[in-house]
Each structure stands twice: as structure tokens, then as C-alpha cells.
Amino acid sequence: MKYASQKVAYWYFVCAMALFGVQILAGGLAGIVYVLPNTLSELLPFNIIRMIHTNALIVWLLMGFFGSAYYLVPEEAERDIESPLLAYIQLGLLMFGALSAVAGYTLGIHEGREFLEQPLWIKIAIVVVALIFLYNISLTVLKGRKTAVTGVLLLGLWGIAVFWLFAFYAPDNLSLDKIYWWYIVHLWVEGVWELVMAAVLAFLMIKMTGVDREVVEKWLYSIVGLALFSGLLGTGHHYYWIGAPGYWQWVGSVFSALEIAPFFAMVIFAFSMVFRGRKDHPNRAAVLWSLGCTVGAFFGAGVWGFLHTLSFVNYYTHGTQVTAAHGHLAFFGAYVMLNLAIITYAMPYLRGKSPYYQTLNIFSFWIMTGAMTVMTFALTFAGAIQVHLQRVMGMSYMEVQDQIAPFYWVRLGAGVLVLISALMFLWAVFGPVRERRAVRASAIAQPAE
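Under the working numbering, the residues of the sequence shown are numbered 216 to 664, in order.
Below is the structure:
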């Protein structure tokens, strides 16, 4: 590590991986309920399992973003974090809130709004956590070197905090509620999160390829422009069937169709940087996760999103397993793989060891990616059949569920493989290291300044 305060990131990554495990276990349990519906039906109903699965996903991804910022900002700003103590306090509050929310869900304590089920006091605690984080990171950047990477990262992180404030507004009118609800859910994952993704990828490309910073920054600005141009008005594809004015069907269709552009640009950016730069970086697994992230995001968020984003298609596919297929691959490809990439890159430095268990980490990449691909295709085929039988032929929901049950077994099998590959990843990153060579910053290909 170049700066001692970067060590803060280690504990963020540890806690993120713990919640990653919770998310996978809850997802596996939900998959079992799909094929064996009475499983834990009295002790832990399906809606509670789903809450834990989705909430753990969101929180561990955010925790990964925080850890990424605490790792890369000191190197970009060329100074230590403003207050490591505040960073640890922030982590403690965030973990306490996350675990309290999960415990509350199991006892039936929640607000019921999808993804925003947290009780009011936890929502307020999240605001406190965000303020601590933004104070710490913003001052670190403002007092140090300013780069495009930190600028875009700050824009994304401030956007996350600002849009979270809509979680406190819950109007009685359901249509109005959904309009503002999507300000959080959509403008996070298809807006400001993309800025965080672009900034972290740019940092990784600079560090691992040695390509000139100016070249990376030009790509970064282009990707950010495409993401904001398409993503903001692309929110309209969520307004088709909630009672909003009809013009949203045109606005949503046009702009959400363009949302594939920034993800395609990320693919071209990452691969061109790797092919243009040096190819001898010792951490091959980190390079693989970084490239895989762009491809997964392109197919999951871009292609699978486009498949059902046009209003005249979405009329039939809305709320079917097609949506689930898109959601699983998009989150995995864009943000799960991003966090696994930065963790794979940073952990050797944070632990003071040379890149280790490369082969195991690479195997975990291919198994996890393959399993998520199988899961996505299983849900896509299930959704296509569901659309035809339920929305076209008019069969009842439960009758259709019986017809597509075999696909749920395939999804469960794929989920087991995801669990196995996640354990492989955790061992590769956090397991004991036989070879205890100190990692030197000089081992990394640095760009020409």
C-alpha cells in the first residue's frame, strides 16, 4: 500500500463478503422454496427470505463501493484518508444497521415497500453513514490531487446519497409513490451506480495496463455522458403501467433502448486498454474479473434489459421471469463482478502478500459466471413460456407455474454452483498464504504521467 489509511478498505471488503454470503444463502433458500413451496413456510415466509436476499445484495454492494473508495481515493488524491477513525465508525454503524434490519425482518418488523423495507430509524442511520462517508472522501479529494477518476467517483457517490432521500417520501397514492420510488431504485442502478462502476474500472485499467491516464480519462468522460443521457430519462420504462401519462411509453422506450450504449462502451474501453497496455500484470485474476465485469454488464443490463424494455414488448413481459432473468444477470455482471474485481486487485496489497491462489480465483470466475449464465437462460426460457401461456393464452398463474417448474430446478442447481464458486473465491482471497513475499508498488504497471 502507498498509504497506511488504505487499510480501512480491508475491513469494508471483509464485511462486504460476509453479507455476500448472507445474500447467496438467502437466494439459495428462496430457490428451494420455488421448487418445494412449503419449506420453512411457517418459520421464515418467502417474502421475508426475499427481503433478506435483496437487501443483503444492496448493502454489500454499497459496502464494496465504500471500500473501493477508501482504497483508490488515497492513491488518486496522493494523500491519506481524512479520518480513518470516522471510516471505522461508519463501518460499525452500517453493519449494525444491516444486521438489525435482517433480525427485524425475521420478526416481521419492516415497512413493506420493496427494497425500502428498512424501519425509519435504519433509514436515518443510513443518512448518517452517508454523511460521514461523504465528508471523509470529499475532504480527502479536495485537499489532494484532483483527477477525473475521483471526480466521477464523487459525482456517483453524492448521487447515491441524494437519491436515497426519496426513501423518506411515501405518499398514500400508489402511482405517485411508485414514481418517486423509482428515483431510488432506477437512478441508483441505472444512473449513479454506473458512474461508480466507470470510475473504479478506470482506476483498475490505469493500474493494471499502464495505459496513459489521459486516454483512460477520455473514455471515462464518454461513458459517463452516455450513462447520464440514457439513464435519467430511461426511468420512463418503469412508468408504463403505474398510471403515469402515456407519453412515458415513448420516452421510456426511446431512452431505455439507448441504455445499452454505455455498457457497450465499457466493453470496448476495457478490452482496448488491456490490448493496448502491458499484459504482464501479476494479478491475472483481477484482470479477468475486470474484463468479465464489462461483458456481464453489457449482456445483463444492456442486452437482457433491451429485450423487454420497449413498451409494446413490456406489456406482455412485465412481472414475469424475463424480468428476473434480467435482474439477476444485470446485478451480477455490473456490480457483483465489479466488487470482486477490485477486491481481487486490492487484497494482495492490503494483506502485504503477492497475488495468491490465482488459479483458484480464475476457476471461481468461470464457475460463477457459467452458473449465472445458466440461471439467466433458465429464467429467460421460463419467462418466454410464462408470457405465452399466461399473458397470451390466458392460463392462470398457478397453472403456468406448474408448467415452468423444471426451469426452477435448473435455477436451483445453478445457485448451488454459485455458492461453491463463492466459497472458492473467498478462500482464494482471504485464505492462508504459503508464499509470504511483500507486494511492491513497482510490481504494478504505472501509467506515464
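A virtual CB, placed ideally from N, CA and C, is assigned to each residue, including glycine.
Item: What separation, rounded to the nearest whole angstrom, lies between the Cα atoms of LYS217 and GLU290?; Value: 7 Å
Item: Which two residues bound the contiguous alpha helix (DSSP H) that contains ALA549?; Value: Premise fails: ALA549 is in no alpha helix (DSSP H) and is neither H nor E.
Item: Look up GLY517 in the DSSP assignment and say whether it is helix, strand or coil.; Value: helix
Item: Got a sec? Which residues, its chain only, sit under 7 Å from GLU381 by beta carbon, not counting five neighbours each side?; Value: A quick correction: the sequence has Phe, not Glu, at residue 381. The residues are TYR395, TYR398, ILE399.
Item: Would DSSP call GLN605 helix, strand or coil?; Value: helix
Item: Please say whether LEU503 and GLY577 have beta carbons closer to each other than 8 Å?; Value: At residue 577 the sequence reads Ile, which differs from the Gly that was named. Yes.
Item: Whole angstroms is fine: what's the gap from LEU354's alpha carbon to SER526's?; Value: 44 Å
Item: What residue does the alpha helix (DSSP H) around MET423 start on, and which one ends it?; Value: 408 to 424
Item: Mind listing, in chain order, the continuous alpha helix (DSSP H) runs of no fewer than 4 residues lying wholly within the stretch 325 to 409?; Value: 335 to 357, 363 to 379, 389 to 402
Item: Should TRP336 go down as buried or exposed, given a rule of 16 or more other Cβ atoms within 10 Å for buried?; Value: exposed
Item: Output yes or no for whether 8 Å exceeds the beta carbon distance between ALA586 and ALA545.; Value: no
Item: Please list, in chain order, all residues of the same chain as GLY312 whose beta carbon is under 7 Å from its beta carbon, the five residues on each side excluded.; Value: ILE337, ALA340, ILE341
Item: Answer yes if the stretch 452 to 460 comes into contact with the stretch 487 to 501, meaning at least three C-beta pairs across the two stretches below 8 Å, and no otherwise.; Value: no
Item: Could you compute how far the alpha carbon of PHE228 sits from the alpha carbon of SER636?; Value: 18 Å
Item: Taking only the alpha-carbon atoms, compute the straight-line gap between PRO299 and VAL223 and give it to the nearest angstrom.; Value: 7 Å
Item: SER283 lies in the alpha helix (DSSP H); which residues open and close that run?; Value: 261 to 292
Item: May I have the straight-line CA-CA distance separating LEU389 from MET590, to the nearest angstrom?; Value: 32 Å
Item: Express the C-alpha separation of GLY371 and GLY511 in angstroms, rounding to a whole number.; Value: 21 Å
Item: What's the gap between the Cα of ALA235 and the Cα of SER579?; Value: According to the sequence displayed, residue 235 carries Phe and not Ala. Taking the straight line from one Cα to the other gives about 15 Å.
Item: Excluding the five sequence neighbours on either side, which residues of its own chain have a C-beta within less than 7 Å of the C-beta of GLN618, listed in chain order?; Value: ILE600, LEU604
Item: Is the separation between the beta-carbon of TYR550 and that of MET423 shorter than 8 Å?; Value: no
Item: Quick check on ILE619: does DSSP put it in helix, strand or coil?; Value: coil
Item: When you compare only the Cα positions, how much space is there between ALA476 and LEU322?; Value: 43 Å
Item: For a cutoff of 8 Å on Cβ pairs, would you count TYR218 as touching chain D?; Value: Note that chain D does not occur in the displayed structure, where there is just one protein chain.
Item: How far does the alpha helix (DSSP H) with ILE247 in it reach, from first residue to last?; Value: 223 to 250
Item: How close, in whole Å, do the beta carbons of ALA561 and TYR286 come, if the pair is a contact with beta carbons under 8 Å?; Value: 5 Å
Item: Applying the 10 Å Cβ sphere with the 16-neighbour rule, what's the burial state of ARG652?; Value: The predicted model places ARG652 with a pLDDT of 49, which falls under 50 and marks its position as unreliable; any figure quoted below should be read in that light. Exposed, by the Cβ-count rule.
Item: Would you decide whether ASN529 is buried or exposed? Buried here means 16 or more other CB atoms lie within 10 Å of its CB.; Value: buried
Item: To which residues of the same chain is GLU409 closer than 7 Å at the C-beta, ignoring the five residues directly before and after it?; Value: ALA442, GLY446, PRO477
Item: Quick check: the Cα distance between LEU435 and ALA620, rounded to an integer number of angstroms?; Value: 43 Å
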